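Protein chains in written order, with my numbering: chain G, 1 to 321; chain X, 1001 to 1321.
Just so you know, even glycine gets a beta-carbon here, dropped at the ideal spot from N, CA and C.
Nothing here was measured: the structure is a model prediction, and the numbers come from that model.
Report on one structure; see the data block that follows.
Protein chains: 2
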Amino acid sequence: MKKQLLCGVDLGGTKLSIGLVRLDGTLVDKVVAYDHTKKNETGLCIQIRDMVHELLDSHRIEESSIRGVGIGFAGHLRFEEGVVITTSNFPSFKMKNFPIRRMIQQHFSVPVIVDNDANAQGYAEFLFGAGAGYDTMIFLTVSTGIGAGLVLNRRVFRGLTGTAGEFGHTIVNPQSDIQCGCGNYGCLMSHASGLALPQLVRKKLEQRVKTDLVFDESTQINGELLKQGLDAGDSLCRSVVLECADFIGIGLYNLFQIFNPPVIVLGGGLMNWGPLYFDRIKEKFYTLVRDMLYDPIEIALAKTGPDAGLIGAASLLLEGQ
Amino acid sequence: MKKQLLCGVDLGGTKLSIGLVRLDGTLVDKVVAYDHTKKNETGLCIQIRDMVHELLDSHRIEESSIRGVGIGFAGHLRFEEGVVITTSNFPSFKMKNFPIRRMIQQHFSVPVIVDNDANAQGYAEFLFGAGAGYDTMIFLTVSTGIGAGLVLNRRVFRGLTGTAGEFGHTIVNPQSDIQCGCGNYGCLMSHASGLALPQLVRKKLEQRVKTDLVFDESTQINGELLKQGLDAGDSLCRSVVLECADFIGIGLYNLFQIFNPPVIVLGGGLMNWGPLYFDRIKEKFYTLVRDMLYDPIEIALAKTGPDAGLIGAASLLLEGQ
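Below, the structure written as structure tokens:
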């Protein structure tokens, strides 16, 4: 009998979620931990093993009856080798060059697959979400960072190393004075990601844009704060959100010209900014695309919801099947 | 016996070249015409038929012994349907919505395939040129316009309509005051293509950049003129060429982040600007890429030479074989 369950591991910098997922992308159950970054690499692998087994035991499921363990990782990987290149999300231990797939595989008898979280979430959207029914789909996650998952002709396109889809690093404004963490000026990430928000707010304050919010040195400027400001009708927050939307709109337009896809799916935390933001993204896209659109394109919000990371990780086990 | 010959048709706005090409991409013979844009669409199809037959007859080859007729077309196409969307290269007749593949196919008993010229040249580079030996290759042609041919996992990626790879239209400088023919400001084409040169030169003249050249209203500002200036050591020409190179370097960097390819091949007329230009492109690329390059990437010049259009068109017949 074909195995009917997948195990997904969402390995983020804040949260480690592990879930059992059905072949239709629905979640059976999950366990979550927040203490995983306090361990070292080996300890983390053991924690993943233990949490998976805890979950399986609680459902009286044998390891051998799941199809495998799919892991979505918040960082760069050499996909073929299953080795971490870099990550800025696990400051407490050196993930660099860690052979994560092999180290986790040794704890399991079923196959283990590891990919970055944008690819994982993108593939879940392709199978179960807003990309379902298409052969090609571009997934763009707009969160702390910005990344794309490229599903081309039903397969995730990963490139030579495994880092294809690093769309947040593309330069969209070389005259910009905003520097990204990557060191460059004017990449999409420096204009429209969660990481960019402190700089974008600071610029607006310098330009004396009106605001009812009080920003001092202790203020955590992030997507949530901007959302609160937006809901309260704050002009500064609104102008930052619209400016971010314009850059994401440019990004979508560039993706359109490059891939001519039938659908682009947007996910990630900043999509919580809501209709004002999403509508402005689409408005900017259509302003740029004008008469160059020969077939309709769908611009959709991700559908896999709060467990997208988990379901995405699990969905990696279905690729090519 | 497997058919050993291909027929390639390079259908450009200036020149119509038709050639017999071997399976290894070498040219047997060709015929060329410059009067093809004076005809109407039907007349053009008949001219192609007659020129192909003339070429076959002169070599005493039956039509049935060639593998097919591959056509590289300077314009947008619906690839699946073989229908022209738009072209700005044939002003004397309305190619819009012309079912070019069907209209040419009716004159032949062997298969006819039509694709845009960037895809065709890119595929020839992949099979026979600087991309040979790789599974994935990005081809960028920098000429009157700018376009990419995307060969991903050995197949040309064309997107929904057939217009994937329109990389010249990606926005790389939204603050720009240079408008492209497409209507947008700051796309790659408006900063680094042959079409952009008159505007770029005009801006330099306004900025009073020193030049020994005399520009009046009758001066044809194109790649060749800039090349002459460059060879004569003219400061203005040099600064325009370097500025174009910087934008192409940004384009390569963006392609790298999106596709993580093992090789990017550069072709098109402006590559004749030579080492000063090509070296500056690479310099800009590596300045941006810094420590984000985890595996070596080859940045190469196209190798298929002056008959690239022809050989590319013929090579389309080999796709998926």
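Have a look at residue i and residue j and give me their C-alpha separation to the nearest angstrom.
{"i": "residue 161 of chain G", "j": "residue 1134 of chain X", "result": "14 Å"}
{"i": "residue 1331 of chain X", "j": "residue 1019 of chain X", "result": "Beyond the ends of chain X as shown, which are 1001 and 1321, falls residue 1331 of chain X; an answer cannot be given."}
{"i": "residue 115 of chain G", "j": "residue 1054 of chain X", "result": "56 Å"}
{"i": "residue 1190 of chain X", "j": "residue 1012 of chain X", "result": "21 Å"}
{"i": "residue 215 of chain G", "j": "residue 89 of chain G", "result": "26 Å"}
{"i": "residue 1073 of chain X", "j": "residue 111 of chain G", "result": "47 Å"}
{"i": "residue 1268 of chain X", "j": "residue 1145 of chain X", "result": "9 Å"}
{"i": "residue 51 of chain G", "j": "residue 1243 of chain X", "result": "55 Å"}
{"i": "residue 1080 of chain X", "j": "residue 1098 of chain X", "result": "14 Å"}
{"i": "residue 157 of chain G", "j": "residue 255 of chain G", "result": "14 Å"}
{"i": "residue 1222 of chain X", "j": "residue 82 of chain G", "result": "49 Å"}
{"i": "residue 196 of chain G", "j": "residue 1292 of chain X", "result": "19 Å"}
{"i": "residue 1199 of chain X", "j": "residue 148 of chain G", "result": "34 Å"}
{"i": "residue 49 of chain G", "j": "residue 104 of chain G", "result": "7 Å"}
{"i": "residue 165 of chain G", "j": "residue 138 of chain G", "result": "9 Å"}
{"i": "residue 1024 of chain X", "j": "residue 131 of chain G", "result": "40 Å"}
{"i": "residue 1108 of chain X", "j": "residue 1063 of chain X", "result": "8 Å"}
{"i": "residue 259 of chain G", "j": "residue 136 of chain G", "result": "9 Å"}
{"i": "residue 1318 of chain X", "j": "residue 1159 of chain X", "result": "19 Å"}
{"i": "residue 167 of chain G", "j": "residue 188 of chain G", "result": "8 Å"}
{"i": "residue 201 of chain G", "j": "residue 1177 of chain X", "result": "26 Å"}
{"i": "residue 30 of chain G", "j": "residue 1151 of chain X", "result": "40 Å"}
{"i": "residue 22 of chain G", "j": "residue 102 of chain G", "result": "25 Å"}
{"i": "residue 1288 of chain X", "j": "residue 1033 of chain X", "result": "44 Å"}
Find the residues of chain G that neighbour residue i, judging by a C-beta separation of less than 8 Å, and give them in chain order.
{"i": "residue 1159 of chain X", "result": "136, 259, 260 and 261"}
{"i": "residue 1170 of chain X", "result": "253, 254, 257 and 258"}
Is it buried or exposed, residue i, if we count other Cβ atoms within 10 angstroms and call 16 or more buried?
{"i": "residue 1014 of chain X", "result": "exposed"}
{"i": "residue 296 of chain G", "result": "exposed"}
{"i": "residue 140 of chain G", "result": "buried"}
{"i": "residue 208 of chain G", "result": "exposed"}
{"i": "residue 154 of chain G", "result": "exposed"}
{"i": "residue 125 of chain G", "result": "buried"}
{"i": "residue 1003 of chain X", "result": "exposed"}
{"i": "residue 118 of chain G", "result": "buried"}
{"i": "residue 1236 of chain X", "result": "buried"}
{"i": "residue 330 of chain G", "result": "Limits of chain G in this structure are 1 at one end and 321 at the other, which puts residue 330 of chain G out of reach."}
Could you list which residues in chain G have their beta carbon closer than 9 Å to that of residue i, in chain order?
{"i": "residue 1166 of chain X", "result": "256, 257, 258, 260 and 292"}
{"i": "residue 1085 of chain X", "result": "294"}
Going along the chain, which residues of its own chain have a beta-carbon closer than 6 Å to the beta-carbon of residue i, five neighbours each way excluded?
{"i": "residue 95 of chain G", "result": "84 and 87"}
{"i": "residue 1313 of chain X", "result": "1008, 1009, 1010, 1070, 1071, 1072 and 1120"}
{"i": "residue 1028 of chain X", "result": "1020"}
{"i": "residue 299 of chain G", "result": "264 and 282"}
{"i": "residue 192 of chain G", "result": "244, 247 and 248"}
{"i": "residue 1262 of chain X", "result": "1134"}
{"i": "residue 1252 of chain X", "result": "1264 and 1285"}
{"i": "residue 68 of chain G", "result": "110, 111 and 317"}
{"i": "residue 1172 of chain X", "result": "1188 and 1250"}
Starting from the beta carbon of residue i, find every residue of chain X whose beta carbon is closer than 8 Å, and list them in chain order.
{"i": "residue 328 of chain G", "result": "Summary: the structure shown does not reach residue 328 of chain G, with chain G confined to residues 1 through 321, and so no result is reported for it."}
Could you tell me which chain G residues have their CB closer than 7 Å to the CB of residue i, listed as they occur along the chain?
{"i": "residue 999 of chain X", "result": "The requested residue 999 of chain X is not part of the displayed model; chain X covers only 1001 to 1321."}
What residues of chain X sit near residue i, judged by a beta carbon separation below 7 Å?
{"i": "residue 123 of chain G", "result": "By Cβ distance, chain X contributes nothing, its closest Cβ being about 16 Å from residue 123 of chain G, past 7 Å."}
Within a Cβ cutoff of 7 Å, which residues of the same chain sit near residue i, ignoring the five residues on either side of it in sequence?
{"i": "residue 1234 of chain X", "result": "1211, 1212 and 1213"}
{"i": "residue 78 of chain G", "result": "85, 161 and 162"}
{"i": "residue 1316 of chain X", "result": "1070, 1113, 1115, 1120 and 1123"}
{"i": "residue 1075 of chain X", "result": "1084, 1086, 1087, 1089, 1095 and 1116"}
{"i": "residue 1227 of chain X", "result": "1272 and 1273"}
{"i": "residue 1308 of chain X", "result": "1121, 1124, 1267 and 1302"}
{"i": "residue 1039 of chain X", "result": "1047"}
{"i": "residue 36 of chain G", "result": "16, 44 and 47"}
Who are the Cβ neighbours of residue i in its own chain at under 8 Å, not counting the five residues just before and after it?
{"i": "residue 1061 of chain X", "result": "1005 and 1020"}
{"i": "residue 301 of chain G", "result": "130, 265, 266, 267, 271 and 278"}
{"i": "residue 1066 of chain X", "result": "1003, 1005, 1006, 1007, 1020, 1056 and 1110"}
Compare the C-beta of residue i with all C-beta atoms of chain A and state if any pair is closer than 9 Å.
{"i": "residue 271 of chain G", "result": "Among the protein chains in the structure shown, which are G and X, there is no chain A."}
(request) Could you please tell me which residues of the region 276 to 290 of chain G, in chain order, have their CB closer than 7 Å to any CB of chain X? (result) The residues in question are 288 and 290.
(request) Taking only beta carbons into account, state which residues of the region 1174 to 1185 of chain X come closer than 9 Å to chain G, listed in chain order. (result) Per Cβ criterion, the list reads 1174, 1175, 1176, 1182, 1183 and 1184.
(message) At a CB distance below 9 Å, what residues from the region 223 to 250 of chain G approach chain X? Give them in sequence order.
(response) The region 223 to 250 of chain G vs chain X, Cβ under 9 Å: 246, 247 and 250.
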